[in-house]
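J.: My structure is below; once you've seen it, I'll send some questions.
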Amino acid sequence: MKSENLLVTGGCGFIGSNFIRCMLADAGFQGRIINLDSLTYAGNPENLQGLAEEYADRYVFEKADICDASAIQEIFSRYRVDSVCHFAAESHVDRSIKRPETFIQTNIAGTFNLLEAARGTASQGSTFHLFHHISTDEVYGSLGPEGCFTEETPYRPNSPYSASKASSDHLVRAYHETYGLPTTISNCSNNYGPYQFPEKLIPLVILNALEGKALPVYGDGKNVRDWLYVTDHCEAIVEIMRRGTRGETYNIGGHAEMENISIVGMICDLLDEIAPAKAPRRNLITFVKDRPGHDRRYAIDFTKLNRELGWTPKESFATGLRKTVLWYIENRGWSERIRSGAYQNWIQENYGKRS
Ligand SMILES: NC(=O)c1ccc[n+]([C@@H]2O[C@H](COP(=O)([O-])OP(=O)(O)OC[C@H]3O[C@@H](n4cnc5c(N)ncnc54)[C@H](O)[C@@H]3O)[C@@H](O)[C@H]2O)c1
Numbered sequence: 060m061k062s063e064n065l066l067v068t069g070g071c072g073f074i075g076s077n078f079i080r081c082m083l084a085d086a087g088f089q090g091r092i093i094n095l096d097s098l099t100y101a102g103n104p105e106n107l108q109g110l111a112e113e114y115a116d117r118y119v120f121e122k123a124d125i126c127d128a129s130a131i132q133e134i135f136s137r138y139r140v141d142s143v144c145h146f147a148a149e150s151h152v153d154r155s156i157k158r159p160e161t162f163i164q165t166n167i168a169g170t171f172n173l174l175e176a177a178r179g180t181a182s183q184g185s186t187f188h189l190f191h192h193i194s195t196d197e198v199y200g201s202l203g204p205e206g207c208f209t210e211e212t213p214y215r216p217n218s219p220y221s222a223s224k225a226s227s228d229h230l231v232r233a234y235h236e237t238y239g240l241p242t243t244i245s246n247c248s249n250n251y252g253p254y255q256f257p258e259k260l261i262p263l264v265i266l267n268a269l270e271g272k273a274l275p276v277y278g279d280g281k282n283v284r285d286w287l288y289v290t291d292h293c294e295a296i297v298e299i300m301r302r303g304t305r306g307e308t309y310n311i312g313g314h315a316e317m318e319n320i321s322i323v324g325m326i327c328d329l330l331d332e333i334a335p336a337k338a339p340r341r342n343l344i345t346f347v348k349d350r351p352g353h354d355r356r357y358a359i360d361f362t363k364l365n366r367e368l369g370w371t372p373k374e375s376f377a378t379g380l381r382k383t384v385l386w387y388i389e390n391r392g393w394s395e396r397i398r399s400g401a402y403q404n405w406i407q408e409n410y411g412k413r414s
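For my numbering, count along the sequence shown from 1 and bump the result up by 59.
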């Protein structure tokens with residue numbers, strides 16, 4: 060990576076924090092990372108604990124909101140930002156159904172502010188290498204039992220979350236076509252792994268199962284997602300940023316289509332093996348009313364990424380899930396601080412009021 064000052068937005072979230080760890084450990088990147096995050100409920104500085112000391116010259120945290128255009132401009136010029144990897148987003152579909160406004164603000168207007176700052180930098184003659192935008196396979200809508208999403212699949216988003224992500228993808232594309240901004244976009248399938256906020260399926264089920272609580276499964280549990288271990292996603296992003304064609308989109312997937320109910324069953328069996336309880340944890344499975352507009356099936360064709368950049372996932376779903384379950388068992392303190400609210404107070408004391 061040519062970048063000397065890489066701005067990572069949303070670096071205190073699940074994928075962003077894994078990405079920052081990945082980049083700082085990568086011998087091919089010698090630049091500085093500026094982690095810009097407004098610390099919403101999903102942002103957790105503890106995910107990056109120790110990095111500011113270990114990489115004193117190469118890692119800095121800035122608490123800022125991507126919806127604040129002047130703060131973004133100021134950070135671009137103060138740090139001489141020459142590349143962006145943009146993760147910051149409202150990311151939970153259920154929340155987007157209850158309160159779509161913040162999704163429109165952060166995911167669309169926030170992306171616009173970042174693009175404007177990048178365009179300003181590039182047009183003032185400063186070096187600007189790349190704006191990489193992280194997106195989702197949900198922009199493509201729902202599949203029937205056959206076929207996969209390719210980069211040519213028309214966008215048909217079905218939730219306020221996926222519609223806001225689709226809008227931001229279009230903005231990024233337009234800034235490349237209209238202003239010649241060097242951009243890349245990646246549309247990835249469902250991620251899982253360490254540091255995922257425990258409102259998402261896999262960490263929620265692991266933690267509830269460990270605590271003997273009900274394991275909620277939407278509808279008939281037969282919705283299918285393609286699952287990717289988070290470090291595989293991070294490695295794909297690094298490859299795209301390094302060698303991906305500017306102006307292009309790349310799909311990223313795990314080749315691991317799974318029904319929700321199968322995942323919940325696998326987690327129960329793994330926990331019964333690793334940390335046996337009095338009764339099989341499958342007894343805790345509870346079917347709940349389906350979410351409105353719940354897409355039935357997603358599956359990703361990542362042939363383009365494999366053909367052009369040679370990327371393929373390293374983890375199978377079985378190996379990745381075992382690693383994930385072990386991580387949540389070994390890091391109970393992390394999730395307990397989130398779930399008990401103790402962590403919220405700590406954030407307020409150290410970083411001021413949450414966004
Ligand atoms: N998790 C997945 O399975 C998945 C799959 C495909 C794509 N994605 C995309 O990857 C990106 C990261 O997802 P994640 O799961 O890590 O999300 P996350 O919810 O764990 O983290 C989002 C981060 O963005 C920050 N943030 C939110 N609003 C902000 C704002 N206005 N200004 C600055 N920071 C803000 C939050 O504080 C948090 O640290 C998102 O763009 C998401 O759409 C996620």
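Ideal Cβ placement from N, Cα and C applies to all residues, glycine included. Bear in mind the structure is a predicted one, so any value in this text is a computation, not a measurement.
DSSP three-state label for residue 292, please.
T.: helix
J.: I need the straight-line Cα distance from residue 98 to residue 92, nearest angstrom please.
T.: 17 Å
J.: Could you give the residue range of the beta strand (DSSP E) that holds residue 96?
T.: Taken as a continuous stretch (DSSP letters only), the beta strand (DSSP E) holding residue 96 covers 91-96.
J.: Starting from the C-beta of residue 310, find all residues in its chain whose C-beta is less than 6 Å away, skip the five residues before and the five after it, and write them out in chain order.
T.: 210, 246, 359, 361
J.: Starting from residue 281, trace the alpha helix (DSSP H) both ways and give me its first and last residue.
T.: It is not in any alpha helix (DSSP H) - residue 281 carries neither H nor E in the DSSP assignment.
J.: For residue 83 versus residue 118, is the C-beta distance shorter than 9 Å?
T.: yes
J.: Can you tell me whether residue 214 is helix, strand or coil according to DSSP?
T.: coil
J.: Hey, would you say the C-beta of residue 189 is under 8 Å away from at least one heavy atom of ligand 1?
T.: no
J.: Compute the Euclidean distance between the alpha carbons of residue 213 and residue 308, then round it to the nearest angstrom.
T.: 13 Å
J.: According to DSSP, which residues form a beta bridge with residue 316?
T.: 285
J.: Quick check on the burial criterion: 16 or more other C-beta atoms within 10 angstroms. Buried or exposed for residue 78?
T.: buried
J.: What are the boundary residues of the beta strand (DSSP E) that residue 223 is part of?
T.: Per DSSP, residue 223 belongs to no beta strand (DSSP E); it is in the alpha helix (DSSP H), 219-238.
J.: Would you kindly check if the distance between the Cβ of residue 267 and the Cβ of residue 74 is under 9 Å?
T.: no
J.: Does the Cβ-Cβ distance between residue 170 and residue 264 come in under 9 Å?
T.: no
J.: Anyone know if the C-beta pair for residue 162 and residue 276 falls short of 9 Å?
T.: no
J.: Taking 8 Å as the cut-off, is the beta-carbon of residue 72 closer than that to any non-hydrogen atom of ligand 1?
T.: Residue 72 Cβ: within cutoff of ligand 1.
J.: Relative to ligand 1, is the shortest distance from any of its heavy atoms to the C-beta of residue 95 smaller than 8 Å?
T.: yes
J.: Whole angstroms are fine: how far does the CA of residue 151 sit from the CA of residue 259?
T.: 8 Å
J.: Taking the alpha carbon of residue 146 as the point to measure from, which residue in 224, 112, 368 has its own alpha carbon closest?
T.: 224
J.: Please name the residue, chosen from 335, 185, 379, 177, that lies closest to residue 289 on a Cα-to-Cα basis.
T.: 379
J.: Exposed or buried, which one is residue 185 when buried takes at least 16 other CB atoms within 10 Å?
T.: exposed
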